[in-house]
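Chains A and B supply the protein sequences, listed in that same order. Heads up: the first sequence begins at 1 in the working numbering, then just goes up one per residue. Heads up: the second sequence begins at 1001 in the working numbering, then just goes up one per residue. Note that CB positions come from ideal geometry on N, CA and C, so glycine has one too. Since the model is a prediction, treat every value here as computed from it, not as a measurement. Here is the structure we will look at.
2 protein chains.
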Amino acid sequence: MSRSTLSLLEFALLGLVHDHQPCCGYGLRKIFTETPMGRFSDSPGSIYPALARLERARLIRGRVENSTAVRRRKVFRLTPSGRSELSRRLERPITQSDLPRGMPELALRFAFMESVLGRAECVRFLQSLAKELAAYIPSLRHHLEVEQTTNSLSASLAMESGVMSYECYLAWARRAIRRFRQTRSSS
Amino acid sequence: MSRSTLSLLEFALLGLVHDHQPCCGYGLRKIFTETPMGRFSDSPGSIYPALARLERARLIRGRVENSTAVRRRKVFRLTPSGRSELSRRLERPITQSDLPRGMPELALRFAFMESVLGRAECVRFLQSLAKELAAYIPSLRHHLEVEQTTNSLSASLAMESGVMSYECYLAWARRAIRRFRQTRSSS
DNA sequence: TCTTACATGTAAAAGGTTACATGATTAT
DNA sequence: ATAATCATGTAACCTTTTACATGTAAGA
C-alpha cells in the first residue's frame, strides 16, 4: 500500500499473523467468522487483497506450501520490518483523539500487546488509558447534562449509554492493572 | 444512491435532518465536530456528497436560501419518502447479527427513535435489545473461558472488555426501560 | 452422491478520507 | 487588516463490500 498507516483490518491481520504464524488466509478468515474478535468482514474479498497489500509492503511473507499439506495453501510469516511496524503501531501513545473514535481499535492494540511488547508495556498502556478516560468522561457527562433539556429521552439515553460504556472501560482498565500485578509471576 | 440500504453516515444524516430541520450541511457537520454523537468524520468531503446522494434519492430536499439569511446556504428538509425510509430503518427488528458488529449503530437508531416512532416503540426496542443481549453474552463468556488457556493475559482481558461492555449495555437497557415507565407522563 | 469444509483469488461499484479550492462575513 | 467562522463543494486515492469464479478433499 502506498498509504503510510495501515488500515484497521491490515493492522488486525498483521497482529494475528504475528500470534498465529505460520498461518494462511483461510485460517485468519475463520478467526473473524468464528470468534467475536474484531468486527471485520469475513469475506474473502477483503482479507485476501489486504494480505496481498501487506506482502507487497514486505511486512509479511507468504509461501505456497507445495509438499506437506493436503491442499495448496499460502502460509504467511512476519518479516522483521513487519514486526517493527507492528511494534510501532502498538507503542503509539494514547491521545484524546483516540477516544471519540471508540474503544475497538484500542482493545485490538491491547490484545496484541503482551505477545509483542511484554507485560510492562501492557501496564503502561492501561495506566495511560485510564488517565485519558478519566479526563474524557467528565466532558461527556457535562455535554450530556447540557443537552438533556433539549433532547428527547431516547436521545439522552443513547448518549448516556456511550458515557456509561466509557466508564465501564475505565473500571475494566483499573481491574486489568490489578490482574497484571497479581499474576506477575506466570508467563 | 443506487445501493438499496443507506450507509451509516447517510442514516445518521437522515435522522439528524429529521430532528433539526430545516438545517444546512454546515450545521450538521458541527454536530459531528462538537458533540460526541457518532464517530463520523467532520470533513466536508464526506458529508456534502452524502447529502447530495440523499437528495438524489429524494429522501431529503434542499433549497438554497436566497433572501433571509446572511450567507448563501442550502437548507434541507425530509421528504415524505425520507421519513418513511427513516421509519423503516428504525423499525427493523434487532437480530443476533446486529450485536457482533457492535452497539454504535443500535445506539444511533435508538437516539432517533422517540422523535420518529414514539415512546412505545422505544420500550419495545429496549426489550428486544435486552433479550438479544441476554442470549448473546453467555456465548461470549463461554468463548472467553475456552480461549483463556490459549491466549495471553492481555488478549483475554481485551476479549473480556468486549463482553463486559455488552453486559453494561444490558444493564443500561434495563435501566432505560424503567426510566421510560417512570416518566411516561411527560412528552 | 452430494454437501460441507478447505482454500484462494478477481472484478465492479461505491463510500470515505484527505487534500484542495473558493468566497463572504464577523470579530479582533 | 487579518484571522476565524460560516458555508459549500470537487478530485484523487484507497478500502471495503458484494458478487463471481474455481477447485480439492472429506464426510454423510
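C-beta neighbour in chain A for E1114 of chain B, strict 8 Å: Yes, E1114 of chain B counts as interfacial toward chain A.
Cβ-Cβ distance between T1079 of chain B and L1059 of chain B below 8 Å: Their beta carbons are under 8 Å apart, which means T1079 of chain B touches L1059 of chain B by this criterion.
Residues of its chain near I1177 of chain B, where Cβ-Cβ distance is below 7 Å and the 5 sequence neighbours each way are ignored: For I1177 of chain B, where only same-chain residues beyond five positions count, the Cβ hits under 7 Å are V1123, L1126, Q1127.
Residues near D19 of chain A in its chain [Cβ-Cβ closer than 8 Å; skip 5 each side]: Close CB contacts of D19 of chain A within its chain, under the 8 Å cut and outside five residues either way in sequence, are with F112, S115 (chain order).
Chain B contacts from the stretch 20 to 53 of chain A (Cβ-Cβ distance under 8 Å): Answer in chain order: T35, P36, M37, R39.
Nearest-angstrom Cα separation, counted from R1072 of chain B out to S1161 of chain B: Computed Cα separation, rounded: 48 Å.
Within-8 Å CB hit, S1007 of chain B to chain A: Not an interface residue.
Collapsed DSSP secondary structure at V1017 of chain B in the structure displayed: In the three-state reduction of the DSSP assignment, V1017 of chain B falls in the helix class.
Start and end residues, alpha helix (DSSP H) containing R1101 of chain B: Segment: none, R1101 of chain B is in no alpha helix (DSSP H) and carries neither H nor E.
Whole-angstrom distance between G25 of chain A and V64 of chain A, CA atom to CA atom: Whole-angstrom Cα-Cα distance: 11 Å.
Minimum Cβ-Cβ distance from L140 of chain A to chain B less than 8 Å: Using beta-carbon distances, L140 of chain A counts as an interface residue toward chain B, with a partner under 8 Å.
Paired residues, beta bridge with C1023 of chain B - DSSP: Answer by DSSP bridge pairing, in chain order: B:F1076.
Under 8 Å between C-beta atoms of P36 of chain A and L1140 of chain B: Result yes, Cβ atoms of P36 of chain A and L1140 of chain B sit closer than 8 Å.
Boundaries of the alpha helix (DSSP H) in which G162 of chain A is found, first to last residue: It spans 153 to 182 - the alpha helix (DSSP H) in which G162 of chain A sits, taken as one unbroken run.
Cut-off 6 Å between Cβ atoms - residues of its own chain near E1055 of chain B, not counting five sequence neighbours on either side: Contacts found: G1062.
Coil, strand or helix - G118 of chain A by DSSP: If DSSP states are grouped into helix, strand and coil, G118 of chain A belongs with coil.
Short Cβ contact (8 Å threshold) for G1038 of chain B with L1090 of chain B: No; because the gap between Cβ atoms is not below 8 Å, this pair is not in contact.
Beta carbon proximity, T1183 of chain B to chain A, threshold 8 Å: At a cut-off of 8 Å between beta carbons, T1183 of chain B contacts chain A.
Amino acids of chain A, ordered along the chain, whose beta-carbon sits closer than 7 Å to that of S1161 of chain B: Within chain A, the residues near S1161 of chain B are A107, Y169, W172.
Below-8 Å beta-carbon distance, S1187 of chain B vs any chain A residue: Its pLDDT being 46, under 50, S1187 of chain B is placed unreliably by the model, and the measurement read from it follows with that caveat. Chain A, which has a Cβ nearer than 8 Å to the Cβ of S1187 of chain B, makes this yes.
R60 of chain A - DSSP class collapsed to helix/strand/coil: Note on identity: in this sequence residue 60 of chain A is Ile, with Arg being the wrong assignment. Secondary structure of I60 of chain A (DSSP, three-state): strand.
Per DSSP, cross-strand counterpart(s) of E65 of chain A: The partner list for E65 of chain A (beta bridge, DSSP) reads A:R73.
G943 of chain B to F1110 of chain B span [Cα, whole Å]: For chain B, the structure presents residues 1001 to 1187; residue 943 of chain B sits outside this window and is missing.
Within 8 Å of chain A by C-beta, residues of the stretch 1084 to 1108 of chain B in sequence order: Cβ contacts with chain A come from P1100, R1101, G1102, M1103, P1104, A1107, L1108.
Contact set between F1011 of chain B and chain A, taken where Cβ atoms lie within less than 8 Å: Listed by position along chain A, the residues whose Cβ is nearer than 8 Å to that of F1011 of chain B form an empty set, because the closest Cβ is around 14 Å away.
CA-to-CA distance, E1085 of chain B to T1095 of chain B, given in whole angstroms: A direct Cα-to-Cα measurement between T1095 of chain B and E1085 of chain B gives close to 19 Å.
Three-pair Cβ contact test at 8 Å for the stretch 1145 to 1158 of chain B versus the stretch 130 to 147 of chain A: No, the stretch 1145 to 1158 of chain B is not in contact with the stretch 130 to 147 of chain A.
Neighbour-count burial assignment, S1187 of chain B, 16 or more Cβ in a 10 Å radius: Interpretation of S1187 of chain B is limited by its pLDDT of 46, a score under 50 that renders its predicted location unreliable; no figure is taken from the coordinates.
Closest by C-alpha distance to W172 of chain A, when choosing among B:A1171, B:Q1021, B:W1172, B:V1163: When only C-alpha atoms are compared, the closest one is B:V1163.
Rounded C-alpha distance that separates F180 of chain A from L1009 of chain B: C-alpha separation (whole angstroms): 39 Å.
Any chain A beta carbon closer than 8 Å to S1128 of chain B: For S1128 of chain B, no Cβ of chain A is located within less than 8 Å of the residue's own Cβ.
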